[in-house]
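J.: Pasting a structure here, questions to come.
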Amino acid sequence: MNRRMVLYMVGNVTKLEALLLLPGLITALVYREACAIDFLVAIGVSLAVGFFLTFVFKPSSKVFFAKEGFVIVALCWLVMSAIGALPFYLSGEIPSYIDAFFETSSGFTTTGASILTDVESMSKGLLFWRSFTHWIGGMGVLVFIMAVINNLSDRSIHILRAESPGPVVGKLVPKMKQTTRILYIIYIALTLLNIVFLLIGGMPLFESIVHAVGTAGTGGFGVKADSFASYSPYLQWVTTIFMFIFGVNFNIYYLLLLRKFKSVLKSTELKCYLCVIASAVVLICINIAPMFDSVGEALRHTSFQIATVMSTTGYATTDFNLWPSFSKSILFMLMFMGGCAGSTAGGFKCARVIILVKKVRREIKKLLHPRSVTSMMFEGKGMDNQVVSSTSSYLVVYIMIICVCFLVISLDGFDFETNLTAAVSCVNNIGPAFGAAGPASSYAAFSPLSKVVLSLAMLFGRLEIYPMLIAFSPSTWSKK
-16 MNRRMVLYMV GNVTKLEALL LLPGLITALV YREACAIDFL VAIGVSLAVG
34 FFLTFVFKPS SKVFFAKEGF VIVALCWLVM SAIGALPFYL SGEIPSYIDA
84 FFETSSGFTT TGASILTDVE SMSKGLLFWR SFTHWIGGMG VLVFIMAVIN
134 NLSDRSIHIL RAESPGPVVG KLVPKMKQTT RILYIIYIAL TLLNIVFLLI
184 GGMPLFESIV HAVGTAGTGG FGVKADSFAS YSPYLQWVTT IFMFIFGVNF
234 NIYYLLLLRK FKSVLKSTEL KCYLCVIASA VVLICINIAP MFDSVGEALR
284 HTSFQIATVM STTGYATTDF NLWPSFSKSI LFMLMFMGGC AGSTAGGFKC
334 ARVIILVKKV RREIKKLLHP RSVTSMMFEG KGMDNQVVSS TSSYLVVYIM
384 IICVCFLVIS LDGFDFETNL TAAVSCVNNI GPAFGAAGPA SSYAAFSPLS
434 KVVLSLAMLF GRLEIYPMLI AFSPSTWSKK
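Quick note: the sequence shown, position 480, residue 463 per our numbering, numbers continuous.
See below:
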């Protein structure tokens, strides 16, 4: 393994984090807040670590392969979370470093799980940094580096594959750098459009920016204790729509820009995503309608909660902990599915669900017709058996990670519902769970051990398990 290249890339990302901390510093200076000093310290630490790694470990060869790509991504996200937690911890607004690391990991992984019990008392600079981590992590900081750095080889596809969500990652255009730039242009444009619509609805500029970057990254950190409950129906509907939008594969938007409307309409994953949403909205709305004053109000809350769970954003307009068991069961199932591959959403992904369903159908057909030759099609193309096999393997490891997380946090003594849904929520990067970790509560009551485990679970989920497993595997670092 090219270890020097791995550490060199980690150093470059750490230096970039110093630049990404600047908006938080500027916000703190604008509002004349004391946390500006803490941002300066964090920037200094980030630059010091970055320059040390890039100076000491400058590689003779910048060639790297899939293994290096996975390790680079895992280490970068761990280091970024560790340094990104400093402003929270140094300011004293989150006194425990483990809590600060949890909050920052939740931000970068776009989970939205929080240990804060009084978010409204936080300084504006830290509130902005807290939500800005969603926007950074939504598309991926390594993807950003590939968009702006000129001298990276096209082997950087290994980084894109390690950092991007979904079973298959490819290039939109022949050159990797062009692909990443297209993705970021779409991402920035949709974020700005979201800000405009929120401003039209009367939301203040600061809150509009914070909520737009949180929605774009499908994270869910906000500025109010009740999340979106106190905002107007218009603002809730705008956020609902944008949460659905950011849960769609970004390739779809690229096809729309190219006016390839037929290709968009033929997208199996998009159809699945929309059908699941529509079905869930109808079923839950009927179930909870008696709890609200009108069908319109029930529809608004239903659509918002399905959008926030399906896109794994984590905002809330109401405490769905109080909904009937039928509705909660549907939301629980949607926690697993998540959004589309190639989106900023978390979860298992619609694409993988489709692949597994098609595999089951193929196996049944083989049992009925042993001599028949069957091929699997996905998005109009033949499905490689390796992709099908890796999807099945991913499901096994995915379930194992949830089980391990569930067992460890069960030591805290919370009820079964809280433990299970907290584990599922963090691995799938959703944020709110049920029970003591519901939308009206926080993760503050969990033990330090559980918070560390849940932080790692969020990183495992955002990076889709394998980068973290490979980085922690002793064989990866063995000289043999």
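Here a beta-carbon is modelled for each residue, glycine too, at the ideal position from N, C-alpha and C.
1) Whose CA, out of Asp398, Val356, Arg335, lies closest to the CA of Thr374?
2) For Leu12, I'd like the list of residues in its chain whose CB is within less than 7 Å of its CB, leaving aside the five on either flank, ordered along the chain.
3) Taking a contact to mean a Cβ-Cβ separation below 9 Å, would you say Ala467 touches Leu58 in this structure?
4) Hey, quick one: how far does the alpha helix (DSSP H) through Leu5 stretch, first residue to last?
5) Can you tell me which of the three DSSP states Lys472 falls into?
6) Per DSSP, which residues does Lys364 bridge with? Please list them.
7) Alpha carbon to alpha carbon, what distance is there between Leu282 and Leu314?
8) Would you call Asp21 buried or exposed, if buried means 16 or more other Cβ atoms sit within 10 Å of its Cβ?
9) Mind pulling the alpha helix (DSSP H) runs of 4 or more residues that sit fully within the region 36 to 119?
10) To the nearest angstrom, how far is the alpha carbon of Ser458 from that of Val24?
11) Rounded to a whole number of angstroms, what is the C-alpha to C-alpha distance between Ile448 and Leu61?
12) Kindly indicate which three-state DSSP category Asn402 falls into: helix, strand or coil?
13) Which of the three DSSP states, helix, strand or coil, is assigned to Ser262?
14) Cβ of Trp60 less than 9 Å from any chain C Cβ?
15) Enumerate in chain order the residues of its own chain whose CB-to-CB distance from Ala68 is below 6 Å, with the five nearest sequence positions on each side excluded.
16) In angstroms, rounded to a whole number, what distance separates the CA positions of Glu546 and Pro415?
17) Does the Cβ-Cβ distance between Lys64 and Ser438 come in under 9 Å?
18) Can you tell me which of the three DSSP states Asp137 falls into?
19) Starting from Pro273, trace the alpha helix (DSSP H) both ways and give me its first and last residue.
20) Within the same chain, show all residues whose beta-carbon is closer than 6 Å to that of Thr472, passing over the 5 residues directly before and after it, in chain order.
21) So which of Val436, Ala419, Ile165 has the shortest CA-CA distance to Val387?
22) Would you report the Cα separation of Gly363 and Lys342, rounded to the nearest angstrom?
23) My guess is that Gly(-6) and Leu30 are in contact by the Cβ rule of under 8 Å, so how many angstroms apart are they, rounded?
24) In terms of alpha-carbon separation, which member of Pro450, Asn402, Gly365 lies closest to Ser471?
25) Rounded to whole angstroms, what's the CA-CA distance from Gly7 to Leu446? Just pull it up for me.
26) In the DSSP assignment, find the unbroken alpha helix (DSSP H) run with Thr198 in it and report its ends.
27) For Phe309, which residues from the same chain have a beta carbon less than 7 Å from its beta carbon, with the 5 sequence-adjacent residues on both sides left out?
28) Determine the contact status of Val247 and His117, defining contact as a CB-CB distance below 9 Å.
29) Quick check on the DSSP output: the alpha helix (DSSP H) that includes Phe287 runs from which residue to which?
30) Can you check whether the CB of Val206 is closer than 9 Å to the CB of Phe189?
31) Which same chain residues, not among the five before or five after Lys41, have their C-beta less than 8 Å away from its C-beta?
32) In its own chain, which residues sit with a C-beta less than 6 Å from the C-beta of Thr327, not counting the 5 before and 5 after it?
33) Please confirm whether Asn177 and Thr198 have their CB atoms less than 9 Å apart.
34) Just checking, does the region 338 to 352 make contact with the region 404 to 419 on the three C-beta pairs under 8 Å criterion?
35) I'd like the list of long-range same chain contacts for Phe34, defined as Cβ closer than 8 Å, with 5 residues on each side in sequence excluded.
36) Phe204 and Gly95 - do their beta-carbons sit closer together than 9 Å?
T.: In short:
1) Arg335
2) Ala19
3) Lying before the first or after the last residue shown, residue 467 is absent from the chain, which here runs from -16 to 463.
4) 5 to 13
5) Residue 472 lies beyond the stretch modelled for the chain, which goes from -16 to 463, so this question has no answer here.
6) Phe361
7) 15 Å
8) buried
9) 49 to 67, 69 to 74, 80 to 91
10) 36 Å
11) 13 Å
12) helix
13) helix
14) Any reference to chain C falls outside this structure, which holds one protein chain only.
15) Ala83, Phe84, Thr87
16) The question about residue 546 has no answer, for the chain in this structure spans -16 to 463.
17) The amino acid occupying residue 64 in the given sequence is Ser; Lys does not appear at that position. The answer is yes: Cβ separation under 9 Å.
18) Because Asp137 carries a pLDDT of 49, less than 50, the predicted location of this residue cannot be relied on, and the following value inherits that uncertainty. In this structure, Asp137 counts as helix in the three-state DSSP scheme.
19) Note, Pro273: premise wrong, no alpha helix (DSSP H); not H, not E.
20) The question about residue 472 has no answer, for the chain in this structure spans -16 to 463.
21) Val436
22) 16 Å
23) In fact, because the Cβ distance is near 10 Å, the residues do not count as touching under 8 Å.
24) Outside the shown range of the chain (-16 to 463) lies residue 471, about which nothing can therefore be said.
25) 25 Å
26) 188 to 199
27) Asn270
28) no
29) 278 to 293
30) yes
31) Arg(-13), Tyr(-9)
32) Gly121, Gly200, Thr201, Phe229
33) yes
34) no
35) Gly(-6), Lys(-2)
36) yes
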